[in-house]
Amino acid sequence: MLTTQDFNTFNFIDFVRQNPEQHERFELKIEQGKAIFHDAGIIEFVPNQLSDQFVCLSCGVHGNETAPMEIISDMVRDILVGSQALSVNLLILLGNPKAMQQQERFLEFNLNRMFNHHWKSYLEADAHCYEALRAKRLEEAVQDFFDKSPADSRRYHYDLHTAIRASKHQRFAIYPYLDGREHKVEQLAFMQDCGVNTVLLYHKASSTFSYHTSHHFKADAFTVELGKVKPFGGNNREDFEQAENSLRQLVASNYHFNNDREIDDLNLFAVKKELLRVSDDSHLNVDDDLANFTEFEQGFELLSDPAEPYSIESNGEAIVFPNNKVPIGQRMALLVEPVSLG
1 MLTTQDFNTF NFIDFVRQNP EQHERFELKI EQGKAIFHDA GIIEFVPNQL
51 SDQFVCLSCG VHGNETAPME IISDMVRDIL VGSQALSVNL LILLGNPKAM
101 QQQERFLEFN LNRMFNHHWK SYLEADAHCY EALRAKRLEE AVQDFFDKSP
151 ADSRRYHYDL HTAIRASKHQ RFAIYPYLDG REHKVEQLAF MQDCGVNTVL
201 LYHKASSTFS YHTSHHFKAD AFTVELGKVK PFGGNNREDF EQAENSLRQL
251 VASNYHFNND REIDDLNLFA VKKELLRVSD DSHLNVDDDL ANFTEFEQGF
301 ELLSDPAEPY SIESNGEAIV FPNNKVPIGQ RMALLVEPVS LG
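Shown next, in the form of structure tokens:
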């Protein structure tokens, strides 16, 4: 297993490739504290000094979204060798090791639709469902991690992705439903510093990883789309420099959250309506490769259906996550509109 002599050449992605199922828990002393290798793709860093910040950084929930995995892998190596300052309690998660091995989005089911305990229904149907077992294990990991945090500590979770679909706003984030809590300007400003210029304020509970940690642990959490999906080695790391620098500052406890920041140039959207497939005749009148946040003119019939059609009610309404290939009862798209926090 890993030793301190291996730190300079350690590659988190390769390590997970070699241990995709599970491995025995082991700890290593590092200059700045200790590294606890809990399981496949699950590493916890504990700094020497006490910290009231508990940070979870997840990547690879979809196995073909390589850039965030490369960013996190480099950060892990740098913490091990001491070139990246560690001043917070840190949990690193590579979500879907087997899909990552194949550079596929998932093996059977979308892992990011299985959190908030939605994995239970999948395991009832198939006790060996890999993605469901993985969601269960990741939930256990964040539970153990955040359970160590005192009630007055700060908890953060940034779930890092890249998108399979083009977007009018290349980098955007989803701020999960807050169950009555208020959106934080400091968190929106942090997204800006990560190079994200657009945030979708979600409208209800969901099965995503970021909603799970927000709901159960009151963590400041986001699903962060940092760009386009590319294969390993095909990413231009300069495109992700702002995000990487801000995350490294956070891990070093050098990032200062500011609730008085101006965020006027941040594009904020809220969900106006979910467009559901209600019959076999439901059809979105858009191309399959339509970019997220494409806007429509008033009167355009976006969803054709004999029972529940939808036409655009006002200029500026836009579409996110369009998909004509979903079963009856599932979401075909989100209709969003610009909003402000005021």
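Residue numbers (UniProt numbering): 1 to 342.
Beta carbons are placed, not taken as given, at the ideal position from N, Cα and C, and that holds for glycine.
When you compare each of the options to residue i by their alpha carbons, which one comes out closest?
i           : options                        : result
Leu123      : Lys136, Glu140, Asn116         : Lys136
Leu50       : His118, Asp39, Ser153          : Ser153
Val88       : Asn315, Tyr255, Gln242, Phe296 : Tyr255
Glu337      : Ala318, Gly329, Gln330, Pro322 : Ala318
His203      : Glu186, Glu238, Ile174         : Ile174
Ala35       : Val76, Asp288, Met69, Val61    : Val76
Ala333      : Pro322, Ser282, Val339, Asn315 : Pro322
Gly299      : Asn48, Ile312, Gln242          : Ile312
Gln22       : His183, Asp39, Asp6            : Asp39
residue 344 : Arg165, Asp220, Gly234         : Lying outside 1 to 342, the shown extent of the chain, residue 344 is not represented and no answer is given.
Val320      : Asn96, Pro97, Ile164, Glu24    : Ile164
Gln192      : Tyr177, Arg181, Pro176, Val224 : Val224
Do residue i and residue j have their CB atoms nearer than 8 Å?
i           : j      : result
Asn64       : Gln32  : no
Ile43       : Glu244 : no
Phe190      : Ser253 : no
Gly227      : Ala67  : yes
Asn116      : Val185 : no
residue 347 : Glu308 : The requested residue 347 is not part of the displayed model; the chain covers only 1 to 342.
Phe296      : Leu200 : no
Asp159      : Phe257 : no
Asn292      : Ser121 : no
Leu86       : Pro47  : yes
Val251      : Thr162 : no
Leu80       : His183 : no
Below 8 Å on the Cβ atoms is my contact criterion, and I expect residue i with residue j to pass it. Report the Cβ-Cβ distance as a whole number of Å.
i           : j      : result
Phe209      : Ser83  : Not confirmed; about 29 Å, so no contact.
Asn197      : Asn267 : 6 Å
Leu28       : Leu93  : Going by Cβ atoms, the distance from Leu28 to Leu93 rounds to 18 Å, so no, they are not a contact pair.
Trp119      : Ala127 : Between Ala127 and Trp119 the Cβ distance is about 11 Å, and since that is not below 8 Å, they are no contact.
residue 352 : Arg113 : Because the chain in this structure spans residues 1 to 342, residue 352 falls outside the shown range and cannot be described.
Gln101      : Pro20  : 6 Å
Leu302      : Leu290 : The pair is not a contact, with the Cβ atoms about 11 Å apart (cut-off 8 Å).
Leu91       : Ala141 : 7 Å
Phe54       : Phe37  : With 8 Å as the limit, Phe54 and Phe37 do not qualify as a contact, their Cβ atoms being about 18 Å apart.
Ile13       : Ser73  : 5 Å
I need the straight-line Cα distance from residue i to residue j, nearest angstrom please.
i           : j      : result
Val326      : Asn8   : 46 Å
Ala205      : Tyr211 : 7 Å
Glu274      : Phe217 : 27 Å
Phe146      : Gln330 : 32 Å
Lys272      : Ile263 : 22 Å
Phe106      : Arg134 : 11 Å
Leu276      : Phe10  : 46 Å
Asp52       : Phe172 : 28 Å
Ser282      : Arg17  : 42 Å
residue 428 : Asn236 : In the structure as shown, the chain starts at 1 and stops at 342, and residue 428 therefore has no counterpart that could be examined.
Pro306      : His157 : 42 Å
Cys194      : Gln249 : 11 Å
Asn324      : His62  : 21 Å
His169      : Glu24  : 42 Å
Phe45       : Glu108 : 31 Å
Phe15       : Val339 : 44 Å
Glu328      : Met69  : The sequence as given places Ile at residue 328; Glu does not occur at that position. Whole-angstrom Cα-Cα distance: 34 Å.
So, helix, strand or coil for residue i, using DSSP?
i           : result
Thr208      : coil
His283      : strand
Arg155      : strand
Lys273      : strand
Leu335      : strand
residue 361 : This structure leaves residue 361 out entirely; the chain is present only between 1 and 342.
Ile174      : strand
Pro97       : helix
Leu200      : strand
Val278      : coil
Pro68       : helix
His216      : helix
Leu302      : strand
Asp288      : coil
Asn8        : helix
Lys228      : strand
Lys120      : helix
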